[in-house]
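The next block holds one structure in the form of structure tokens; read it before the comments.
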Amino acid sequence: MSDRPWLFPVCVICTRTNQTLKVGTTREAWKMLLDMWPVADGHKFLSALKICMDVEHGIGQPADARDAFIAAADEAGVAIDTCSASSSIASTRRSRWRNARLRSRPPLL
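The sequence shown runs 290 to 398 under my numbering.
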């Protein structure tokens with residue numbers, strides 16, 4: 290199994306504890322989806338699980354898993370912060386994170 294680090298990690302903000310958890314590899318994303326995710330259904334959630342497993346088995350690239358993880362977070366309303374080469378994308382994600390923190394959500398963890 291491959292555990293190559295992502296070029297840009299994703300920070301997941303736990304709304305219950307207000308902790309930030311860094312996800313920097315496909316394996317970490319897969320474990321978080323399985324063990325900590327607030328929902329166990331949804332098209333993007335299931336797709337992210339499959340893509341992460343495929344990448345771990347050498348099918349696809351870590352960036353594919355990262356993109357799928359971000360899409361699953363968006364679908365589930367999980368607050369995230371990303372670091373990327375594009376500051377406008379990172380800024381947009383931070384804005385979503387701030388807005389998400391203002392709304393009441395079920396606990397992530």
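The beta carbon of each residue, even a glycine, is placed where N, CA and C say it ideally should be. Keep in mind the model is a prediction, meaning the values are calculated, not measured.
The DSSP-derived three-state label of Asp370 is strand. Taking C-beta atoms as the reference points, Thr314 and Asp343 fail to come closer than 8 Å.
For Pro298, the secondary structure class from DSSP, reduced to helix, strand or coil, is strand. Counting C-beta pairs with one atom in each stretch, the segment 317-332 and the segment 355-372 have three or more that are closer than 8 Å, which means they touch. Per DSSP, the unbroken alpha helix (DSSP H) holding Thr315 starts and ends at Thr315 to Asp324. In the three-state reduction of the DSSP assignment, Val344 falls in the helix class, which pools H, G and I. If you draw a straight line from the Cα of Ile369 to the Cα of Val301, it is about 4 Å long.
About 6 Å separates the beta carbons of Cys303 and Leu310, which is inside the 8 Å limit, making them a contact pair. Residue pairing by DSSP places Thr309 opposite Ile302 in a beta bridge.
With a 10 Å radius around the Cβ and a threshold of 16 neighbouring Cβ atoms, Ile340 comes out buried.
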